[in-house]
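Counting from 26, one number per residue, gives the positions in the sequence shown under our numbering. See below for the structure under consideration.
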Amino acid sequence: MTDDGLSLDHVGFMVRDLDAGEKRWRNLGFQVAARSPQMGATPDGATMAPWATANHCVMFERGYLELIGITDPAKHNPWTDFLNRFEGIHITAFRCLEADPAYAALSQRIDGFDPPLQRRRDAPFGDGTREFRFRNIFSQDALFPEGRFIVIEHQTPEVIWQPSLIAHPNGAVAFEEVVFCAEPCSPTLGRLEAIVGIAADDGCIYLPGGGVATVLSPTDYAVRFGGAMAPDLPCAAAVVVGVDDLTKPRTCLAEAGIVPEQTADGTLWVPAEQANGGVVAFKRV
């Protein structure tokens with residue numbers, strides 16, 4: 026990541042059955058990090074209490090994918106409204122170096138984001154755990170129908186970017202692109218341009234720190250992904266993962282009995298129903 030702009034950090038997939046979701050991603054050839062319970066504010070006024078959900082992360086040399094699912098339905102679930110909409114991608118996060126100046130700049134470009142919030146949780150580390158600290162600038166959900174946007178400052182990146190976690194059987198090395206689907210008249214692209222402070226080039230926003238955010242119409246989305254349909258509009262509907270050799274994901278998918286589709290440029294992709302609600306594509310980088 027450069028010192029003067031955002032990078033594509035991660036997206037968050039949400040599913041009801043976390044065990045099944047973890048298995049789906051392992052079938053795609055990802056090494057999935059150990060489960061980590063989620064904590065945060067609850068309706069009873071607690072500022073830090075266990076939630077109904079936990080997550081798994083798939084870490085790359087640049088960026089990662091997050092999988093959130095329900096593990097204790099009796100507890101508070103802050104993601105209920107998202108899951109009631111659909112299972113799939115509901116969080117898109119961009120990384121900054123420092124949250125305070127990033128928030129000041131963001132607030133000049135667009136309304137609807139809250140000030141930086143200090144977050145922490147225990148994350149699996151080696152044979153134990155370590156505290157993972159980060160600061161999040163959250164979008165206000167009522168103002169962003171695409172899902173939740175986050176600008177994140179990683180204070181302890183070494184806790185989750187462990188060398189042992191970034192080697193994958195499918196050869197994944199980077200989170201390359203998030204693809205949104207929206208009607209041509211939708212303000213989605215304009216909102217993304219304002220969030221990251223970069224003008225789009227033919228629907229693609231190339232982040233200065235790495236990664237691409239793309240907005241496609243339903244027609245163009247179906248053309249790119251062989252007739253696929255987004256689960257709702259507007260939303261984040263697909264991710265592209267960079268791999269060092271396309272034979273690796275082919276082999277992993279074949280072993281799991283999954284037959285991938287292929288785009289015109291040779292990119293492999295797996296339908297949303299086999300990838301936790303969002304298309305997962307593999308591109309040689």
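Beta carbons: idealized from backbone N, C-alpha and C, even for Gly.
Checking the sheet assignment: what are the DSSP bridge partners for residue i?
| i | result |
| --- | --- |
| Pro-126 | Partner(s): none; Pro-126 has no beta bridge. |
| Ile-230 | Ala-238 |
| Arg-144 | Phe-159 |
| Ser-61 | Asn-80 |
| Pro-149 | Thr-154 |
| Gln-287 | Leu-293 |
| Lys-308 | Gly-267 |
| Leu-90 | Val-36 and Val-83 |
| Thr-117 | Val-36 and Phe-174 |
| Ile-95 | Asp-42 and Thr-78 |
With distances taken Cα to Cα, identify the nearest neighbour of residue i among the options.
| i | options | result |
| --- | --- | --- |
| Asp-166 | Ile-177, Pro-182 and Trp-104 | Trp-104 |
| Ala-99 | Ile-93, Ala-77, Pro-209 and Ala-129 | Ala-77 |
| Glu-112 | Phe-150, Ala-219, Leu-214 and Ala-262 | Ala-262 |
| Gly-88 | Gly-46, His-35, Glu-286 and Gln-63 | His-35 |
| Phe-150 | Leu-190, Asp-42 and Gly-137 | Leu-190 |
| Ala-297 | Ala-66, Asn-161 and Met-39 | Met-39 |
| Ile-135 | Thr-239, Val-240 and Glu-218 | Glu-218 |
| Ile-95 | Ala-79, Glu-86, Glu-286 and Phe-107 | Ala-79 |
| Leu-43 | Asp-69, Cys-82 and Gly-153 | Cys-82 |
| Ile-114 | Ile-93, Thr-181, Arg-216 and Ser-164 | Ile-93 |
| Asp-152 | Thr-276, Gly-251, Gly-30 and Arg-60 | Arg-60 |
| Leu-90 | Glu-202, Asn-102 and Gly-137 | Glu-202 |
| Met-84 | Phe-107, Arg-216, Gly-37 and Asp-227 | Gly-37 |
| Gln-287 | Glu-280, Val-248 and Glu-86 | Val-248 |
| Gly-282 | Gly-46, Gly-30 and Asn-52 | Asn-52 |
| Arg-3 | Phe-169, Val-176, Pro-233 and Ile-177 | Any property of residue 3 remains undetermined from this structure, which presents the chain solely from 26 to 310. |
| Gly-228 | Ser-242, Gly-234, Gly-235 and Gly-222 | Ser-242 |
Report back the beta-carbon spacing between residue i and residue j to the nearest angstrom; my notes put them in contact at under 8 angstroms.
| i | j | result |
| --- | --- | --- |
| Tyr-231 | Val-237 | 6 angstroms |
| Phe-119 | Leu-33 | 6 angstroms |
| Pro-194 | Lys-308 | No, Pro-194 and Lys-308 are not in contact; Cβ-Cβ is about 17 angstroms, not under 8 angstroms. |
| Phe-163 | Ile-220 | With a Cβ gap of about 12 angstroms, Phe-163 and Ile-220 do not count as contacting. |
| Thr-213 | Pro-285 | That belief does not hold up - the Cβ atoms of Thr-213 and Pro-285 are roughly 27 angstroms apart, past 8 angstroms. |
Does residue i pass the burial test, meaning 16 or more other C-beta atoms within 10 Å, or should it be called exposed?
| i | result |
| --- | --- |
| Leu-293 | buried |
| Asn-109 | exposed |
| Met-254 | exposed |
| Lys-48 | exposed |
| Pro-141 | buried |
| Glu-171 | buried |
| Thr-117 | buried |
| Thr-244 | exposed |
| Cys-210 | exposed |
| Ala-124 | buried |
| Pro-68 | exposed |
| Val-304 | buried |
| Gly-252 | exposed |
| Arg-41 | exposed |
| Val-240 | buried |
| Gly-30 | buried |
Determine, using beta carbons only, whether residue i comes closer than 8 angstroms to chain B.
| i | result |
| --- | --- |
| Asp-269 | In the structure shown, chain B does not exist; there is a single protein chain. |
**Asked** Is the region 172 to 188 in contact with the region 72 to 79, if contact means three or more CB pairs nearer than 8 angstroms?
**Response** No: fewer than three Cβ pairs fall under 8 angstroms.
**Prompt:** For the 8 angstroms Cβ check, are there 3 or more pairs between the region 196 to 211 and the region 257 to 270?
**Reply:** At 8 angstroms Cβ cutoff, the stretches touch.
**Item:** Cβ pair count under 8 angstroms reaching 3, the region 122 to 133 against the region 54 to 65
**Value:** The region 122 to 133, when compared against the region 54 to 65, does not touch it at the 8 angstroms Cβ threshold.
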